[in-house]
Structure formats: structure tokens, C-alpha cells
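Take a look at the structure below.
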Amino acid sequence: MITCYVHYELNPAKVAEFEHYARLWIPLVEKFGGQHHGYFLPHESANDLALALFSFPSLAAYE
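Per the working numbering, residue -9 is the first one in the sequence shown, and the count goes up by one each step.
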């Protein structure tokens, strides 16, 4: 299994746009055989950071 970690730096004034972008990625990852684990924002930290986690069964499936 391979898990991808994607780090985002957000513009706090454009969180709605990021949310739209993020929602588009979830079905795309699943369409290509992966499992999207979600997007995460820090609870007690800077408000301009987010991360996404998604996994594929193997490196070959990811590629």
C-alpha cells in the first residue's frame, strides 16, 4: 500500500474555493482505484494550512 500526503498552503480569504477544489478530488482518487482519507486542517495552529491523505493498493496502482 502507498499513502500520499499532500500539503497545502491556503489563502484564508479563499477557503470556499479550496473546499470546492477538494471535493472534486475525492471522486477522482476513488475513480482511479484509490481511497481518499480526507482533508485535514489544524485545530490550534495557523489557519492557512491543510493536508490531504489518500492511498492506493500498490505503487503500480498509483502510477
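Idealized CB from N, CA, C, for every residue including glycine.
Is the beta carbon of Y29 closer than 7 Å to that of A42? yes
Quick check on this structure: which residue in S35, G24 and E34 has the alpha carbon closest to the alpha carbon of Y52? G24
Identity of the residue in S35, L18 and N1 nearest H27 by Cα: L18
Helix, strand or coil: which one does DSSP assign to F8? helix
Determine the burial state of F44: buried for a count of at least 16 other Cβ atoms within 10 Å of its Cβ, exposed for fewer. buried
Check this for me: beta carbons of Y(-2) and A40, under 7 Å apart or not? yes
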